[in-house]
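Chemist: If you number the sequence shown the way this note's numbering does, the last residue is 494 and the count never jumps.
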Amino acid sequence: MEIKKSKKAAIERFRTTWLLMGFVATLAFVFMAFEWSEYDVVVDTSLALRDVEFEEEIELLRMYDQPAPPPEPEPVSHTEVLAIVENTAEVTEGTIESSEETNRGVEVRYLPPVVEEPEVVEDIIHVSVEQMPEFPGGQAALFQFLGKNMKYPQVCQEEGIQGRVIVQFVVDRDGSITHPEVVRGVHPLLDKEALRVIGMMPKWKPGMQQLTAVRVKYTVPVNFRLQ
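Quick look at the structure:
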């Protein structure tokens with residue numbers, strides 16, 4: 268009887284061969300793993316250095332381009348001046364800072380008020396008032412004063428010149444005699460003598476208008492008569 272081999276028996280025959288080939292492949296892989304060496308990696312740092320230097324230059328340029336900060340101003344001491352004025356003075360409104368807020372001293376200084384003298388307007392010279400001016404002692408005392416102080420010019424006596432000289436003047440508010448003038452004259456020498464005597468008169472009682480002394484124009488005749 269003839270013995271026949273199956274295909275399974277043929278495969279078993281190559282089992283050892285395949286096992287050896289597996290060992291060889293494994294050893295070869297292990298060998299290659301131990302013999303593998305890394306290639307040297309070269310790093311070019313030139314660009315990195317250039318970048319660093321460039322950044323440093325930019326930083327230096329920024330530092331030089333920035334302007335230096337201005338110096339702090341020195342503190343200046345100020346004092347507040349308060350002016351004391353009259354109640355009638357015009358005062359403009361404003362805000363006054365407290366010395367506690369500004370840390371500044373306050374100086375109080377008295378400023379004398381400026382007094383503006385009013386313009387003196389020439390008073391009106393009256394011709395007639397409620398109470399006319401009066402010579403001290405009245406009319407009788409006035410003519411007595413004129414006769415006592417008058418000196419008749421010698422030339423006028425020799426030539427027989429006589430007459431009445433009308434003199435006009437202003438009795439001021441204080442009673443003084445101002446602005447004497449001859450309204451109607453007789454002779455230059457007699458006119459001059461009449462003005463001289465009028466200028467010698469003492470102060471009169473001033474004229475009154477509404478209980479106020481006013482300036483009044485007054486006229487006095489001065490008689491020159493030969494005996």
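For each residue, glycine too, the CB sits at the ideal point set by N, CA and C. None of these values were measured; they are calculated from a predicted model.
Which term fits Ala-480, buried or exposed, when burial requires 16 or more other beta carbons within 10 angstroms of its beta carbon?
Modeler: Per the 10 Å Cβ criterion, buried.
Chemist: Looking at C-alpha atoms only, which residue of Pro-400, Val-489, Leu-413, Met-467 is the closest neighbour of Val-437?
Modeler: Among Pro-400, Val-489, Leu-413, Met-467, the Cα nearest to that of Val-437 is on Pro-400.
Chemist: Can you give me the start and stop residues for the alpha helix (DSSP H) that Val-495 sits inside?
Modeler: No statement about residue 495 is possible, as the shown extent of the chain runs from 268 to 494 and does not include it.
Chemist: With C-beta atoms as the reference, is Val-434 less than 7 Å away from Pro-447?
Modeler: Going by C-beta atoms, Val-434 is nearer than 7 Å to Pro-447.
Chemist: So, is Gly-474 buried or exposed, given that buried needs 16 or more other C-beta atoms within 10 angstroms?
Modeler: Flag for Gly-474 reads buried.
Chemist: Helix, strand or coil for Phe-402? Go by DSSP, reduced to three states.
Modeler: In this structure, Phe-402 counts as coil in the three-state DSSP scheme.
Chemist: Can you give the Cα-Cα distance for Arg-440 and Leu-413, rounded to whole angstroms?
Modeler: Going from the Cα of Arg-440 to the Cα of Leu-413 covers about 23 Å.
Chemist: On the DSSP bridge list, what partners appear for Phe-290?
Modeler: Its beta-bridge partners do not exist; DSSP assigns none.
Chemist: What first and last residue would you give for the beta strand (DSSP E) that runs through Glu-448?
Modeler: Element bounds for Glu-448: 444-451.
Chemist: Based on the DSSP output, what are the partners of Pro-488 in its beta bridges?
Modeler: Partner(s): Ile-433.
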